[in-house]
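Numbering (this note's numbering), first residue to last: 19 to 271. One structure is given below, encoded as structure tokens.
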Ligand code: BV8
Ligand code: ZN
């Protein structure tokens with residue numbers, strides 16, 4: 019931990035990449051953990067445009083269940099620690115694969131009456147609390163429960179009448195090129211990339227930290243287990259982000 023704190027103290031520019039693990043202590047189920055996600059389905063089979071085309075009702079049932087679960091979750095000390103770091107004096111960019119909105123909630127809580135924007139994350143996989151039209155450009159924040167009992171009650175676009183879908187990036191879908199290039203640029207310029215709570219299995223997000231190494235920076239990983247990124251990490255801290263992140267950033271205003 020001391021070595022990691024020294025790397026952070028020496029870093030002017032920090033890029034943070036988070037995954038589902040940073041929200042685990044908030045009660046948000048991870049994808050590939052033992053608790054897994056809903057029933058026996060694999061995210062890779064449900065979070066796809068094919069699944070939505072085949073059975074939009076089932077996909078909305080899964081997302082409505084997840085949205086309900088996440089609505090009841092609050093940011094944990096790991097989210098707050100990252101928000102404090104980003105609202106401090108260093109230049110910090112939080113890049114997240116998570117769609118749960120907990121980094122933004124933590125940024126607003128920590129900023130209070132101040133400006134939360136330095137701690138607002140780049141959401142490379144979108145947001146579960148935003149919907150978009152499957153046909154036109156309509157897109158809007160949306161947090162209420164969604165009805166999925168029949169095709170007729172599924173949410174429809176008020177502009178063109180087509181089905182609305184969760185505004186997240188599904189497997190097989192490309193990420194927003196502007197957001198992705200901003201994430202890679204931030205990683206390339208960073209002296210330090212903090213990677214917390216990700217299995218490092220989903221691409222292209224998992225290769226963002228490699229841009230920091232390519233740029234001559236360091237990689238510190240925070241995860242209870244070994245991941246494909248561990249071998250490339252300058253340092254790997256084995257443990258929970260909710261416990262390790264506050265210790266890592268304590269004292270860095
Ligand atoms: C793309 C949004 C170009 C949705 C998500 C074959 C066919 C098609 C594509 C592919 C293919 N093979 C590979 C691909 C590419 C594919 C991919 O990488 N697949 C993987 C599974 C091999 N990627 C894509 O499809 C991407 N698009 O490539 O476009 C393209 C275009 C056309 C055709 C081909 C390619 C899009 C990927 C985005 C998918 N959307 N989410 C939703 O959420 O509903 S991904 C999903 O997984 C989440 O975003 C999640 O964040 C992400 C990664 O998972 P993790 O965050 O790492 O979470 P996980 O559960 O895996 O791990 C948790 C970790 O936390 C663990 O390490 C655990 O130890 C740790 N942990 C647990 N507790 C704690 C903790 N850590 C700290 N503290 C704790 N307390
Ligand atoms: Zn529409």
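Even glycine gets a Cβ: it sits at the ideal position worked out from N, Cα and C.
In the same chain as residue 204, and ignoring 5 residues on each side of it, the C-beta atoms closer than 6 Å to its own belong to 33 and 111, in chain order. Per DSSP, the beta-bridge partners of residue 212 are 34 and 238.
Scanning the region 159 to 193 for uninterrupted beta strand (DSSP E) segments of 3 residues or longer gives 182 to 186, listed from N- to C-terminal end. Cα atoms of residue 208 and residue 71: separation of roughly 40 Å, rounded to the nearest angstrom. Residue 141 carries a strand assignment under DSSP once its states are collapsed to helix, strand and coil. Sequence-distant partners of residue 178 (beyond 5 residues in either direction) whose C-beta falls short of 8 Å from its own C-beta, in its chain, are 151, 153, 154 and 156. Every residue whose beta carbon comes nearer than 6 Å to a heavy atom of the ligand ZN appears here in chain order: 151, 153, 154, 156, 175, 177, 178 and 180.
In the structure shown, residue 266 falls within a helical segment according to DSSP collapsed to helix, strand and coil.
With a contact defined as Cβ atoms closer than 8 Å, residue 190 and residue 67 qualify at about 6 Å. Distances from the CB of residue 98 to the heavy atoms of the ligand BV8 are all 7 Å or more. Just so you know, the alpha carbons of residue 170 and residue 186 end up roughly 22 Å apart. Between the region 156 to 168 and the region 122 to 137 there are fewer than three C-beta pairs closer than 8 Å, too few to call the two in contact. Exclusion of the five residues before and after residue 233 leaves 205, 206, 207 and 208 as the residues of its chain whose Cβ lies within less than 8 Å of its Cβ.
Cα atoms of residue 63 and residue 261: separation of roughly 33 Å, rounded to the nearest angstrom. Beyond the five residues adjoining it in sequence on each side, residue 99 comes within less than 6 Å, by CB distance, of 263, 264 and 267 in the same chain, given in chain order.
Assignment of beta-bridge partners to residue 40 by DSSP yields no partner.
Counted as a single uninterrupted DSSP element, the stretch harbouring residue 219 is not any alpha helix (DSSP H), since DSSP gives it neither H nor E. As summarised for the region 60 to 140, the continuous beta strand (DSSP E) elements at least 3 residues long and confined to that stretch are 109 to 114, given in chain order. Taking the CA atoms as reference points, residue 120 sits about 31 Å from residue 168.
Looking at the DSSP output, residue 254 sits in a beta bridge with 239.
Residue 36 counts as buried, since no fewer than 16 other beta carbons sit within 10 angstroms of its beta carbon. In the DSSP assignment, residue 45 falls outside any alpha helix (DSSP H), carrying neither H nor E.
With a cutoff of 8 Å on beta-carbon distance, residue 246 and residue 218 are scored as near each other.
Per DSSP, residue 204 is one residue of the alpha helix (DSSP H) stretching across 195 to 207.
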